[in-house]
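Chains as they are written, first to last, in UniProt numbering: chain Y, 1 to 461; chain G, 1 to 461. The structure appears below as structure tokens.
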């Protein structure tokens, strides 16, 4: 241990022209950015210039709602990461993929492949995909229940880990002289027979630089937190207040410990939507401009959908209705539902003001101010207030892209660096190294060695 | 029409250190190339320097055989294409993917994404994956029958095309002023309910630069040829003799015509494995060196597997046994089976010599000689001998990579160019343009317009 103060970890969450739903209407924005690899490569390069740990893409295998009011559709994120990997050197590369609508062999291989081609920079944000629209693109009439999606996810991860560990790190010999390329004894076929999956073979990719991609998770429901405690190494979460974030942080660390894991190896990264200006007034002006560009009826319809209400039940100038569904009745994004309702009730927001808050960050903490104020907001949660920590770092969700990321990297990051709380150069080359996480050992190798030792012992008796 | 002579189309089939199974043992070869994106990017850049139409990766979602004797495992090819796209400008990018072990929504989206990020250079080699090992990685105990795989493939293509056409080319308005980003009326959800698939929605990617990726096919069984006639725009095929290639070529063109398609829009590209030397003696020396590096017993085991025999039934110094399974008994690669048996019988090869021939090109035509001789071999098939054409171009499968591709590009391509039969610069920017194929119209748009016209007519009555 050195006396170096605890270090921040920063992820840039990239989404076309920015996280504010009206950002595409700003004069500076490219409304075709969602299909532009140049746009995303440029964003990754900005994040890398700022020495951020990683970039991240959300995803769902469905066209979300209608295309009328905001940029819709997006390139499949694992191929986007691969293209970005070719144009960057160090930045970590995290993509969302669904355990409900993929097969483990294909997905484990794709992430192992991105890990190879990026030199160990791949991360997987594991989701179970909570929309009926997605189910209907994959041969189903109904959304599988929350519990059944998480049961499949749990087994999916077991299989994926078996596949990533199916080649010993020493399996490739590449011995030209003897003509022996690999050692078949150091292959550990998955041999998985479970409730959801039957996967016999070894992966068709050697073990990757990181062993496993970094495993990320973002669900905050009970099932989600239980899953995170078992598997996640970084957790993206939407928290509105310091107290809530502290409670979430403590809960995750406690659960990780209960699952037999090192709580320091499970990083909690709350989202923050910074709206930056050289002065507070300038920042407020940008925020107001963005909110003016929201089309209220469209946002109201989306809100109604998330709350399982008919749009006619919502009035722009009144608070949410008294009677709402309970979280139990929501089969989709349970924690998002609760977060929206809590925010509206706590601050007694009209639907119009609620829409403004959600339009800015979809329930994530928004913070409008100068670079110094944003840095202070980061430290407030990072260092806590004596009632415990609230974050190991942050998921940075610029309201406008690329300008909001540029402002963060050029104006906020130097403050964090000056205070000695954020790297000025990358120390390692892999995503795990950036997050201070170890490369996983291969348990299959240990099992194989133990079996071999037992055989020798039995033989020598 | 101009008087320009008929133009060759050339694809480079890339496979780690080359198509000769012992190529990895040469001093010049990188035995870790199968996981090296630098290696593949360099190969793509060499192919682009030669103005080739495209590069291509074979694939199967399984670890093929053992890893003992040759480089095994490979990065998932769609992510490899994405990484290569970022480092190239014009070369077409073709990857294999299986209709048996993917879902249409995911795969259609991934190819549309690669098409977007490459500026219209994506191609999909459609396979049904003919190995039991693959089935056992995807929850199955047995290989689905040839017929059932092709039935699924047929419906998979229907769904994929509906998804690629689910956005009108004019659907994105990006009108910042009104806040209208897209026109929902110009979305055409798949609405597919079939025997294998139920896919309701529109794709979550706008229609891509090529409309559809270039569709490639390589199966030569009856089912395979019927499928190719319906869907394929380029066909990779293994043909050993001019007469066989002519027959195959005529058959494909006839089938395409019978399916109501323009036969000129279905390009036939036989494989050729060039082994090049400055003199014929040098080329023969390279060929002999490669064959010396084959480990015979390993190759014999592989051959036995392909012929559905026990290895003990094969003798290195004798011909194949009299009694062999028939093609009907092979549920896997039927046409490959027949090609091997025909080659062995026709040339009365011992197992050892058969292994040498297959080790060089796995049943594809091998040609050893000077650049001039290779160019002549290309023209012999491209122009035919008066009994009809045999090729619209070639699938170039260098025995050794990168040196064999460099030799082809630097020594053979200039000969083809000097004779006015191959481009000296790319005329277009998309893969379809390289192959002289049109961007597909969107039939959904026509249907929608017809429906609208009917509505207007009904209303005006």
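Quick reminder that beta carbons are idealized off the backbone N, C-alpha and C, glycines included.
- Each of 94/Y, 109/Y, 411/Y was checked against the Cα of residue 430/Y, and the nearest Cα belongs to 94/Y.
- The secondary-structure analysis by DSSP pairs residue 198/Y across a beta bridge with 193/Y.
- Counting along the chain, residue 376/Y sits inside the alpha helix (DSSP H) bounded by residues 371–383.
- When DSSP states are grouped into helix, strand and coil, residue 37/G belongs to the helix group.
- In the structure shown, residue 314/Y adopts coil according to DSSP, grouped into three states.
- Taking a C-beta cut-off of 9 Å against chain G, the contacting residues of the stretch 184–211 of chain Y are 184, 186, 187, 189, 190, 196, 197, 198, 199, 200, 201, 202, 203, 204, 205, 206, 208, listed in chain order.
- If you draw a 10 Å sphere on the C-beta of residue 288/Y, you find fewer than 16 other C-beta atoms in it, and that means exposed.
- Bounds of the alpha helix (DSSP H) holding residue 156/Y are 146–164.
- Residue pairing by DSSP puts residue 270/G in a beta bridge opposite 237/G.
- Inclusion of residue 167/Y and residue 31/G in the CB contact set at 8 Å is not warranted, their separation being larger than that value.
- For residue 215/Y, the enclosing beta strand (DSSP E) stretches over residues 214–217.
- Taking C-beta separations shorter than 6 Å and ignoring five residues to either side along the sequence, the partners of residue 221/G in its chain run 334, 335, following chain order.
- For the stretch 68–86 of chain G, the beta-carbon criterion of a distance under 9 Å to any beta-carbon of chain Y is satisfied by 68, 69, 70, 71, 72, 73, 74, 75, 76, 77, 78, 79, 80, 81, 82, 83, 84, 85, 86.
- As a beta-bridge residue in DSSP terms, residue 365/Y pairs with 272/Y.
- Taking a cut-off of 8 Å for Cβ pairs, the stretch 377–391 of chain G and the stretch 338–358 of chain G do not touch, as fewer than three such pairs fall below it.
- CA-CA distance, residue 26/Y to residue 261/G, rounds to 47 Å.
- For residue 171/G, the chain Y residues whose C-beta falls within less than 8 Å of its own C-beta are 67, listed in chain order.
- Between residue 431/G and chain Y, the shortest Cβ-Cβ separation is not below 8 Å.
- Under the 10 Å beta carbon count, residue 290/G is surrounded by 16 or more other beta carbons and is classified as buried.
- Counting along the chain, residue 220/Y sits inside no alpha helix (DSSP H), nor does DSSP assign it H or E at all.
- Near chain G, meaning a CB-to-CB distance below 8 Å, the residues of the stretch 41–69 of chain Y are 41, 60, 61, 62, 63, 64, 66, 67, 68, 69.
- Residue 116/Y is positioned such that its CB atom lies no closer than 8 Å to that of residue 435/Y.
- The secondary-structure analysis by DSSP pairs residue 123/G across a beta bridge with 94/G, 214/G.
- Annotation for residue 330/Y: no beta strand (DSSP E) segment contains it, and DSSP assigns it neither H nor E.
- Between residue 174/Y and chain G, the shortest Cβ-Cβ separation is below 8 Å.
- Within chain G, no residue has its CB atom less than 8 Å from the CB of residue 301/Y, the nearest being about 12 Å off.
- Three or more Cβ pairs closer than 8 Å define a contact, and the stretch 226–233 of chain G falls short of that threshold against the stretch 132–141 of chain G.
- As DSSP reads the structure, residue 208/G sits in a beta bridge with 211/G.
- Assignment of residue 434/Y by DSSP, reduced to helix, strand and coil, places it in the helix class.
- Using a Cβ-Cβ cut-off of 8 Å, residue 156/Y does not count as an interface residue toward chain G, since no Cβ of chain G sits closer than that to its own.
- Contact annotation: in the stretch 127–147 of chain Y, residues whose CB is within less than 7 Å of a CB in chain G are 133, 136, 137, 138, 139.
- Annotation: the continuous alpha helix (DSSP H) that includes residue 415/Y extends over 413–418.
- At the C-beta level, residue 56/G and residue 111/G stay beyond 8 Å of one another.
- The C-alpha of residue 100/Y is placed about 20 Å away from the C-alpha of residue 200/Y.
- Nearest to residue 196/Y by C-alpha distance, out of 216/Y, 154/Y, 46/Y, 217/Y, is 154/Y.
- Between residue 106/Y and chain G, the shortest Cβ-Cβ separation is below 8 Å.
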